[in-house]
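What follows is a single structure, written as structure tokens, with notes after it.
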Amino acid sequence: MMRTSMAEATSAFSYKKFVQFALEETGKHTQLTPSPLQENFGCLTAMDGKTELQMHSFESPKIRLMRSLSIEGSDGMQVLDFAIFPRAEFNLPIFCANFFTTPVMNIVVLDLNPLHDVISQQDYKEKYYKHLIPLGLKYAELLPWGGKITSESMKFFSPIVIWTKFPPSQQKHHDLYSAFKDYLKSWLELMDQASGETDVSQIMLNLESQHRYLTWRAEKDPGHQVLRRLVGETLAKEIIQSFLFNGVDELGSKTFTDYFPEYKCDDGTVNKKRSMVGKSFESRPWDTRGEFIGNSLR
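The opening position of the sequence shown corresponds to residue 37 in the working numbering, with each subsequent residue numbered one higher.
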């Protein structure tokens, strides 16, 4: 009976309404125009002939790329990979929603990924996250910490990150949709308030930080295996490099091992291990004030 109720909850749930809300809400704040990527990345059917992949991409004066990939499989699997990347003149966080759903489990990451280090750069954390800590605490209670996550991944997360796992249920799906809406509205408010940077050196720092983020995600994102299984190695690589993490080939010339030399093997290839540090966090590494306490956690 429990499996039946989970399956019913999954079948009644769709990430399409998340994408629709994002487009409508963002359109209230800025003029979205279709990205040139839309010509090459739209809808396609996976190799199984049943699973559907839908891709959307837009841009605006402050947004370099807003893109989404949603997947609906006949086996109850659903995926949403939604992100908003600011233009280099703005040091805004990167909006990130990565949701993976099966008939028995949901795996969720929702965050305003910091463009700059929120652990060592207190001013950046104060600017973008201090007033959002209550929002993060609200959803951290509704959507509790999902267990071990590598310390390398934590470098790209903020104090309000939602990392969680839960069996499908209407209530949890409602909570997730509510969190998605509130986090997106918060990001859009930050965008409204953002002023363009004129200092060339600061713009270059923003550019490199975004390129570093893209380089990490393009190499280590765990969702890549799903794409390869659905559409094959060649097309999966094209979607990852040119669509999901567009800019990894254009925004900078540094390689993955330039940014993360600890992953470089003797033969020059990239070590496929998830973590080189070997440390992971089983519980939330920020306290209720948004202070990082991960250094004291084992």
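Positions of the beta carbon are idealized from the N, C-alpha and C atoms, including for glycine. As the structure is a computational prediction, the values presented were derived from the model and not from experiment.
Top-ranked residue by Cα proximity to residue i, from the options
i	options	result
residue 107	164, 85, 124 and 127	85
residue 165	303, 69 and 154	154
residue 277	239, 64, 242 and 251	251
residue 55	134, 73 and 111	134
residue 182	169, 170, 197 and 280	197
residue 97	62, 117, 112 and 73	62
residue 222	114, 52, 301 and 167	167
residue 208	294, 231, 177 and 74	177
residue 234	125, 169, 311 and 318	125
residue 192	184, 132 and 200	132
residue 73	115, 210, 275 and 237	275
residue 200	130, 175 and 293	175
residue 102	302, 281 and 260	281
residue 130	298, 119, 137 and 136	119
residue 279	51, 79 and 52	79
residue 53	116, 293, 308 and 232	116
residue 310	50, 296 and 319	296
residue 318	190, 51, 273 and 232	190
residue 210	142, 260, 320 and 328	142
C-beta contact flag for residue i and residue j at 9 Å
i	j	result
residue 187	residue 306	no
residue 194	residue 217	no
residue 122	residue 94	no
residue 204	residue 140	yes
residue 65	residue 227	yes
residue 202	residue 179	yes
residue 146	residue 212	yes
residue 99	residue 59	no
residue 326	residue 169	yes
residue 316	residue 184	yes
residue 137	residue 49	yes
residue 271	residue 219	no
CB contact below 9 Å: residue i versus chain D
i	result
residue 91	Of the chains in the structure shown, none is chain D; there is only one protein chain.
N-terminal and C-terminal residue of the alpha helix (DSSP H) that residue i is part of
i	result
residue 223	206-229
residue 54	52-63
residue 293	292-295
residue 188	187-190
N- and C-terminal bounds of the beta strand (DSSP E) containing residue i
i	result
residue 174	First-last for residue 174: 169-178, but that is the alpha helix (DSSP H), not the beta strand (DSSP E).
residue 200	198-202
Segments assigned alpha helix (DSSP H), at least 4 residues, entirely inside the segment 78-165 = Listed in chain order, the complete alpha helix (DSSP H) runs (minimum 4 residues) inside the segment 78-165 are 158-164.
message = Runs of 4 residues minimum, wholly inside the segment 251-283: which ones carry the alpha helix (DSSP H) assignment?
response = Scanning the segment 251-283 for uninterrupted alpha helix (DSSP H) segments of 4 residues or longer gives 260-267 and 269-274, listed from N- to C-terminal end.
query = Any contact of the segment 73-91 with the segment 261-278, i.e. 3+ C-beta pairs under 8 Å?
reply = Taking 8 Å as the limit for Cβ pairs, the verdict is that the segment 261-278 does touch the segment 73-91.
query = Okay, do the segment 144-159 and the segment 100-115 touch, 3+ Cβ pairs below 8 Å being the bar?
reply = Taking a cut-off of 8 Å on C-beta distances, the segment 144-159 does not touch the segment 100-115, as fewer than three cross pairs fall below it.
ask   = If we count Cβ pairs, one from each stretch, closer than 8 Å, do we get three or more for the segment 236-254 versus the segment 281-292?
value = Counting Cβ pairs under 8 Å, three or more are found: they touch.
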